[in-house]
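Below is one structure; the comments refer to it alone.
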Amino acid sequence: METPRSEQFDDIYFQIENGLEESRYVFLEKNSLPQRFSGKDQFTICETGFGTGLNFLCAWKSFEDTADAGQILNYISFEKYPLSKDEVAKYLAHWSGEFDGRLERLVDLYPLRIGGWHKIRVSDFVTLTLIFDDVNRAILELDTIVDCWFLDGHAPAKNPEMWSDTVFLNMGRLSREGARVATFTAAGIVKRGLEGAGFHISKTKGYGHKREMIVGTFEGDRGGDDFVIKPQSVAVIGGGIAGVAAASSLHDRGVEVHVYEKNGLASGGSGNVRGLFNPRFTAQRGFESDFYSSAFMQALRVFQNLDDVGFDPCGSLHLVGDDQKQKRFDGFLGNWDWHQDHARMVSKEEAGLISGVPVKHDALYLPDAGMVSPFRVVAALAKKVSVVAEEVLALQQSDSQWLVNGRTYDAVVLACAADVLKFSQTQWLPVHTVRGQVSVIQVPDSLGELACNLCYGGYASHPFDGKMVVGSTFQSWLDDLSIREEDHADVLSKLSSVVEGFDGAADICDARAAFRCSAKDRVPVIGAMPEYHGLYVSVAHGSHGLTSSVLAAEIIAAQMMGESSPVPRNVITNVSAQRFIDRAARKNISLS
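In my numbering, each number is its position in the sequence shown, counted from 1, plus 1010.
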């Protein structure tokens, strides 16, 4: 077995002969684990340098071997240069038997190498948040209380950027009083940095031939606490994917959930026979890129683990078409930190080979994107929860409870698209409807070999059962859901403009029109509502709701249950309804 080595830092991850023993000695024993797990409902470990995941596997096994019933372990780890899934499996195969199936579980759930935050529930009581980003950038966005630190980046001489004042000072910002830290190094810059951040530091015997290592205890006063009264019962208003995803996430955490939907599940925008899951691209790295990277990975993970939902990871080609789109795609590739295995530009000739049909433009290729049946996804997620076939016309808050159609709940989630405007608590939100119509066609001969999705302002799905979906219109000025012949012609004309040999003629076998919900700034509205304790929203997902709704569900569940966030805090700020209040205040205008 070869010794795993970092190409970026010309340094090994661990020694094959004793890497496991060293990990247990430095990070478990010297942090007084598992003893310190005892007596805490939640215990949070934060690590700098995930590497192969060896430290995580050690902590995971130690926790589950000793934890009391109901205890939760949150493990957060930064990694700027993630290994591939295959590399993790290869480098740790030697110790597979030590972890009782946990290595195989980690490899199965390990995310694609795409920049951003990826929160994974690896077991009922253990979550892993992998942050594929520079720790100096990402730690600024972390907002959770940490009980224990594993400092395991490559040595300061090899990787000085990681051992920075930014990291040390933010460790002080995040640490609970009495939090422990351990690291293999005894370098003076590390000792001084930790002391400056409020840690009492001492040196102890290092592992094996290493003379010394650093351990410490945080002596500062962080202020506040992480105590949260967790809801026992929640009402979700809305039976589309946003609603049932939120209900499913809460059910997985032991909450009793009722989904209210008057028209039947997936009766609105979630009822299409097929839907594509792709990120929404931006040229710059910011909160939208962080949100949609995490959303794409979360959607992929959820969909591929549901049965009978038409999951088809066929890939998507995003055709360029104009200079503006080229600049956006170039910015995406340059700034979002997606590995080339998962996103790359291809010529129109290569795009034709990938898709099986001749296309007229170069393209951005996402081989891991794909499609599902939104209707079936809703049905699969709803199996876990109770569905109440009632219309909800009003919400009433009394003390810490919410009254919904005569029943009381600890919290409410509004996931009812533009119907959110019907409730007095949320009628001020700047959201609106956008009509969209899709056409289901018999696959024409000229598209019979289409092997992936095509996206070009409209989209054409990978064929299924001799059919394909072509869409979609965007009509904010229409409030009529009648099927329009001119919309068939419109979506087919757009497809013919990007595919050689397709003249726009096709047999229409079905069609569907529905209203999307979109916010004025085209960003979803997710999370706790200001001024109303226990009220949450998941609306305005627009044309990317299939991708964004499942992450929105995890954001809401984490807020309710007092868990570490699945996204950076700049994302939480920018998807919150509070953003509209803050903007109005800056402009001295009213939202009503």
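Glycine included, every Cβ here is placed at the ideal spot set by N, Cα and C.
Pick from the options that is closest to residue i, judged by C-alpha positions
i                  : options                            : result
serine 979         : Ala1189, Arg1579, Val1136          : For residue 979 there is no data in the structure shown, the boundaries of the chain being 1011 and 1602.
glycine 1416       : Leu1403, Cys1426, Ala1379          : Leu1403
serine 1574        : Leu1093, Thr1154, Phe1073, Trp1127 : Thr1154
valine 1098        : Ala1079, Gly1061, Ser1072, Lys1129 : Gly1061
glutamine 1294     : Ala1252, Gly1362, Asp1347, Gln1308 : Asp1347
threonine 1292     : Leu1286, Asp1300, Asn1084          : Asp1300
glycine 1481       : Pro1473, Val1501, Leu1488          : Val1501
glutamate 1564     : Ser1553, Gly1552, Tyr1546, His1554 : Tyr1546
phenylalanine 1135 : Gln1336, Asn1028, Glu1074, Ala1389 : Glu1074
glycine 1320       : Phe1385, Leu1179, Phe1339, Arg1311 : Phe1385
asparagine 1282    : Met1381, Asp1497, Pro1377, Ser1243 : Met1381
isoleucine 1582    : Leu1138, Ala1538, Ser1087          : Ala1538
histidine 1210     : Glu1495, Gly1230, His1352, Val1312 : Gly1230
valine 1369        : Gln1437, Glu1459, Val1479, Gly1341 : Glu1459
histidine 1352     : Phe1037, Ser1033, Thr1076, Gly1125 : Gly1125
glycine 1264       : Glu1359, Val1395, Ile1518, Tyr1101 : Val1395
threonine 1214     : Val1560, Tyr1419, Tyr1035          : Tyr1035
aspartate 1118     : Asn1580, Gln1314, Cys1527          : Gln1314
leucine 1086       : Thr1137, Gly1296, Leu1286, Arg1284 : Sequence inspection shows isoleucine at residue 1086; the leucine mentioned does not correspond to that position. Among Thr1137, Gly1296, Leu1286, Arg1284, the Cα nearest to that of isoleucine 1086 belongs to Thr1137.
asparagine 1028    : Gly1049, Thr1054, Leu1102          : Leu1102
glycine 1218       : Glu1495, Ser1033, Gln1435, Met1570 : Ser1033
lysine 1071        : Gly1059, Arg1494, Trp1105, Lys1100 : Trp1105
serine 1243        : His1349, Ala1421, Lys1432          : Ala1421
Buried/exposed call for residue i, threshold 16 Cβ in 10 Å
i               : result
threonine 1193  : buried
aspartate 1409  : exposed
glutamine 1447  : buried
proline 1092    : buried
serine 1094     : exposed
aspartate 1020  : Residue confidence for aspartate 1020 is low, a pLDDT of 48 falling below 50, so the modelled location carries little weight; the figure read from the coordinates is stated next. By the neighbour-count rule (16 or more Cβ atoms within 10 Å), aspartate 1020 is not buried but exposed.
aspartate 1513  : exposed
leucine 1152    : buried
proline 1241    : buried
arginine 1186   : buried
serine 1586     : buried
valine 1577     : buried
tyrosine 1023   : Below a pLDDT of 50, predicted positions are generally treated as unreliable, and tyrosine 1023, at 49, falls in that range; the measurement from the model is reported next regardless. Its Cβ being crowded by 16 or more others within 10 Å, tyrosine 1023 is buried.
glutamate 1089  : buried
leucine 1457    : buried
cysteine 1056   : buried
glycine 1248    : buried
glycine 1203    : buried
arginine 1221   : exposed
valine 1499     : According to the sequence provided, residue 1499 is alanine. The question's valine does not apply to it. Exposed.
asparagine 1273 : exposed
leucine 1601    : exposed
Expected contact under 8 Å - CB spacing of residue i and residue j to nearest Å
i               : j               : result
valine 1269     : leucine 1424    : At roughly 12 Å, the Cβ-Cβ gap does not stay under 8 Å, so valine 1269 and leucine 1424 are not in contact.
valine 1132     : leucine 1113    : Their Cβ separation, rounded to whole angstroms, is 11 Å, which puts valine 1132 and leucine 1113 out of contact at 8 Å.
serine 1486     : valine 1444     : 5 Å
alanine 1521    : serine 1449     : 5 Å
serine 1383     : alanine 1461    : Between alanine 1461 and serine 1383 the Cβ distance is about 19 Å, and since that is not below 8 Å, they are no contact.
leucine 1161    : alanine 1567    : Going by Cβ atoms, the distance from leucine 1161 to alanine 1567 rounds to 30 Å, so no, they are not a contact pair.
serine 1553     : alanine 1305    : Going by Cβ atoms, the distance from serine 1553 to alanine 1305 rounds to 13 Å, so no, they are not a contact pair.
isoleucine 1082 : aspartate 1110  : So it is not a contact: roughly 19 Å between Cβ atoms.
proline 1166    : isoleucine 1130 : So it is not a contact: roughly 30 Å between Cβ atoms.
valine 1441     : glutamate 1271  : Not quite, the Cβ-Cβ distance comes to about 19 Å (not below 8 Å), so this is no contact.
glycine 1163    : threonine 1054  : 19 Å between Cβ atoms; not a contact.
DSSP beta-bridge partners of residue i
i                  : result
cysteine 1056      : Ile1086, Trp1159
alanine 1470       : Leu1464, Val1480
lysine 1215        : Glu1222
threonine 1443     : Cys1527
arginine 1190      : Cys1158, Thr1227
lysine 1040        : Answer by DSSP bridge pairing: none, since lysine 1040 is not bridged.
aspartate 1513     : According to DSSP, which records beta bridges pairwise, aspartate 1513 is partnered with nothing at all.
valine 1367        : DSSP, once it has assigned bridges, lists no residue as partnering valine 1367.
alanine 1538       : Tyr1546
glutamate 1266     : Ser1243
tryptophan 1127    : Ile1141
phenylalanine 1178 : According to DSSP, phenylalanine 1178 bridges with nothing at all.
Report yes or no: do three or more beta-carbon pairs, one from the region 1454-1466 and one from the region 1503-1511, lie closer than 8 Å? yes
Spell out a yes or no on whether the region 1587-1596 and the region 1329-1341 are touching, meaning 3 or more CB-CB pairs, one atom from each, closer than 8 Å. no
Using a Cβ distance threshold of 8 Å, determine whether the region 1372-1390 contacts the region 1222-1233, with at least three qualifying pairs required. no
Segment contact flag, the region 1242-1254 with the region 1062-1073, C-beta cutoff 8 Å, min 3 pairs: no
Counting pairs of Cβ atoms below 8 Å between the region 1142-1150 and the region 1035-1049, do you hit three or more? no
Please confirm if the region 1386-1398 is in contact with the region 1312-1319, defined as three or more CB-CB distances below 8 Å between the two stretches. yes
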